[in-house]
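>
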Amino acid sequence: MDELEKEVEEVSTNKKLVLSVSKTKTWTSCKAKYKFQYIEKLPQKEFLFLKIGKFVHKCLETFHKHYIDGKEGDYVSVMEYAIEDALKEFTLTDEENIECRQYMNNYISLLNKEKPDYIKSILAVEKPFEIPVCEDIGVIGFIDRIQLDPDNILHVVDYKTSNSDKYLKNDWFQLLTYAYHLYLEDPTIKKVRGSYVMIKQNFKYITKEFNLDEILKVKDSYDEYGKKIKEEKLFRSNPTRLCDYCSFLEVCKDGKNFINRTKQFGEISW
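Each residue of the sequence shown is one higher than the one before, starting from 109 at the first, in the working numbering.
1) Within this structure, are the beta carbons of Gly-161 and Thr-269 separated by less than 7 angstroms?
2) With a CB to CB cut of under 6 angstroms and the five nearest residues on each side skipped, what residues in its chain are close to Asp-362?
3) Within 10 Å of its beta-carbon, does Arg-253 have 16 or more other beta-carbons around it, so buried, or fewer, so exposed?
4) Taking the alpha carbon of Tyr-291 as the reference point, which residue from Trp-135, Phe-318 and Phe-171 has its own alpha carbon closest?
5) Excluding sequence positions up to five away, which residues of its chain have a Cβ less than 6 angstroms from the Cβ of Leu-218?
6) For the candidate residues Asp-202, Lys-274, Lys-131 and Pro-224, whose alpha-carbon lies nearest to that of Met-306?
7) Measure the beta-carbon distance from Ile-245 to Gly-334 and round it to whole angstroms, keeping in mind my assumption that it falls under 8 angstroms.
8) Just checking, does the stretch 322-333 make contact with the stretch 224-243 on the three C-beta pairs under 8 angstroms criterion?
9) Taking the beta strand (DSSP E) that Gln-210 falls in, what are its first and last residues?
10) Please work out which residues of its chain come closer than 7 angstroms, Cβ to Cβ, to Lys-143, disregarding the five sequence neighbours upstream and downstream, and give them in chain order.
11) Take every Cβ of the stretch 166-174, pair it with every Cβ of the stretch 351-371, and state whether three or more of those distances are shorter than 8 angstroms.
12) By the three-class DSSP mapping on this structure, what secondary structure does Thr-296 have?
13) Can you list the alpha helix (DSSP H) stretches of 4 or more residues lying completely in the stretch 255-293, in chain order?
14) Identify whether Lys-336 lies in helix, strand or coil by the three-state DSSP scheme.
15) Would you mind working out which of Glu-339, Glu-148 and His-289 sits nearest Arg-236, comparing C-alpha positions?
16) So which of Val-186, Gln-282 and Glu-293 has the shortest CA-CA distance to Tyr-304?
17) Taking 6 angstroms as the cut-off, is the CB of Cys-208 close to at least one heavy atom of the ligand COA?
18) Cα separation between Tyr-211 and Ile-191?
19) Just verifying my parser: in three-state terms, what is the DSSP assignment at Thr-388?
20) To the nearest angstrom, report how far apart Leu-350 and Pro-224 are at their CA atoms.
21) Do Ile-248 and Val-264 have their beta-carbon atoms positioned less than 7 angstroms apart in this structure?
22) Express the C-alpha separation of Lys-131 and Cys-360 in angstroms, rounding to a whole number.
23) Taking all protein chains shown into account, do 16 or more other C-beta atoms lie within 10 angstroms of the C-beta of Phe-155, making it buried, or fewer, making it exposed?
24) For Leu-342, which of helix, strand or coil comes out of DSSP?
25) For Val-186 versus His-172, is the C-beta distance shorter than 7 angstroms?
26) Determine, using beta carbons only, whether Val-129 and Thr-285 come nearer to each other than 7 angstroms.
27) Can Val-300 and Leu-262 be called in contact, C-beta distance under 7 angstroms?
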């Protein structure tokens, strides 16, 4: 369980439900997983892709915070410091270390192609936020990066370490949540730009601009999520091929049966 999820659990009570983007995504994808993770609080596995993702996030946070704090230094030296600092918190194999360093080298190469003042456009990293939805529902989280683009539009960024971006198609809810937080801080905002950045695809940007009407719908969405979660009684599973990557596969009868069946006969499409 990461720090955000720990915080969600600490502040959630029977009277107040505190959500996060990941919590609502878990609810949407599989209600049984939601129960295992957030109600029964069963132990979770740490898959390699999650470990790599956390390490890279930490490196990028330390790297950009150096410049946000007004410090000087060339990109290579500052990134090397960020990597060494992250290694105090994470243990990587030699192969994992090489992989992560390559991602950071790719990032520096891209930064070198930007104008020198680009680094100053990044205003915040890992910014915590809290969104009040109603008296008994709230939302908390962290924004990976906030920057001010040359056209003076605020730009929220979320790093992704998955191999494919197909699952992100038309899924802007996470970035819209961040945009709504910016709106709450500054109600004069009329537009926010949002990007998923695919680290394993040489930091490819998947970008969309959100108008105010889209942003304001976020609150109603969380209100609806919260009410449905509070009312849920059955917490049925939703077996898919992604069950193979679920921490709770061994305690989920439907998930195990589905994975065993697909391994024996291939996935069945009715």
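C-beta atoms are modelled at their ideal positions from N, C-alpha and C, and glycine is treated no differently. Here the structure is a predicted model, which means the values were calculated and not measured.
So, to answer that:
1) Position 53 of the sequence shown, counting from 1, holds the residue named residue 161. Position 161 of the sequence shown, counting from 1, holds the residue named residue 269. Yes.
2) Locating residue 362 in the sequence shown gives position 254, counting from the first residue. Result list for Asp-362: Ser-345 and Pro-347, in chain order.
3) Against the sequence shown, residue 253 aligns to sequence position 145. By the 10 Å Cβ count, Arg-253 comes out buried.
4) Locating residue 291 in the sequence shown gives position 183, where the first residue counts as 1. Of the listed residues, the one whose Cα sits closest to Tyr-291 is Phe-318.
5) Here the question's residue 218 lines up with position 110 in the sequence shown. Hits under 6 angstroms: Phe-311.
6) Numbered from 1 along the sequence shown, position 198 holds the residue referred to as residue 306. When only C-alpha atoms are compared, the closest one is Lys-274.
7) Looking up residue 245 in the sequence shown gives position 137. Looking up residue 334 in the sequence shown gives position 226. With 8 angstroms as the limit, Ile-245 and Gly-334 qualify as a contact, their Cβ atoms being about 4 angstroms apart.
8) yes
9) To locate residue 210, count along the sequence shown from 1; it is residue 102. Unbroken run through Gln-210 is the alpha helix (DSSP H), 202-220; no beta strand (DSSP E).
10) Locating residue 143 in the sequence shown gives position 35, counting from the first residue. Counting only Cβ-Cβ distances below 7 angstroms, and skipping sequence neighbours, we find Phe-343.
11) no
12) Against the sequence shown, residue 296 aligns to sequence position 188. Coil.
13) 281-293
14) For the purposes of this step, residue 336 is taken as residue 228 along the sequence shown, with counting starting at 1. The answer is helix: DSSP assigns Lys-336 an H, G or I state.
15) On the sequence shown, position 128 is the one that residue 236 refers to. According to the sequence provided, residue 236 is Pro. The question's Arg does not apply to it. Ranking the options by Cα distance to Pro-236, first place goes to His-289.
16) Residue numbering aside, residue 304 sits at position 196 when the sequence shown is read from its first letter. Selected option, being the one with the closest Cα: Gln-282.
17) Absence of the ligand COA is noted for the structure shown, with no ligands found whatsoever.
18) In the sequence shown, the residue the question calls residue 211 occupies position 103. In the sequence shown, the residue the question calls residue 191 occupies position 83. Roughly 11 angstroms between the two C-alpha positions.
19) Absent from the model: residue 388. The displayed extent of the chain is 109 to 378, so no value can be given.
20) Working through the sequence shown from its first residue, we reach residue 350 at position 242. Working through the sequence shown from its first residue, we reach residue 224 at position 116. Rounded to the nearest angstrom, the two C-alpha atoms are 42 angstroms apart.
21) Here residue 264 refers to the residue found at position 156 when the sequence shown is read from its first residue. Here residue 248 refers to the residue found at position 140 when the sequence shown is read from its first residue. The answer is no: Cβ separation not under 7 angstroms.
22) Taking the sequence shown and counting its residues from 1, the one referred to as residue 360 is at position 252. Taking the sequence shown and counting its residues from 1, the one referred to as residue 131 is at position 23. When rounded, the distance between both Cα atoms is 19 angstroms.
23) If you number the sequence shown from 1, residue 155 lands on position 47. By the 10 Å Cβ count, Phe-155 comes out exposed.
24) Position 234 of the sequence shown, counting from 1, holds the residue named residue 342. The answer is coil: DSSP assigns Leu-342 none of H, G, I, E or B.
25) As a first step, residue 186 must be located in the sequence shown, where it is residue number 78. As a first step, residue 172 must be located in the sequence shown, where it is residue number 64. No, they are not a contact pair.
26) For the purposes of this step, residue 129 is taken as residue 21 along the sequence shown, with counting starting at 1. For the purposes of this step, residue 285 is taken as residue 177 along the sequence shown, with counting starting at 1. A contact, by the Cβ cut-off of 7 angstroms.
27) As a first step, residue 300 is located in the sequence shown; it is residue number 192 there, counting from the start. As a first step, residue 262 is located in the sequence shown; it is residue number 154 there, counting from the start. Closer than 7 angstroms, so yes.
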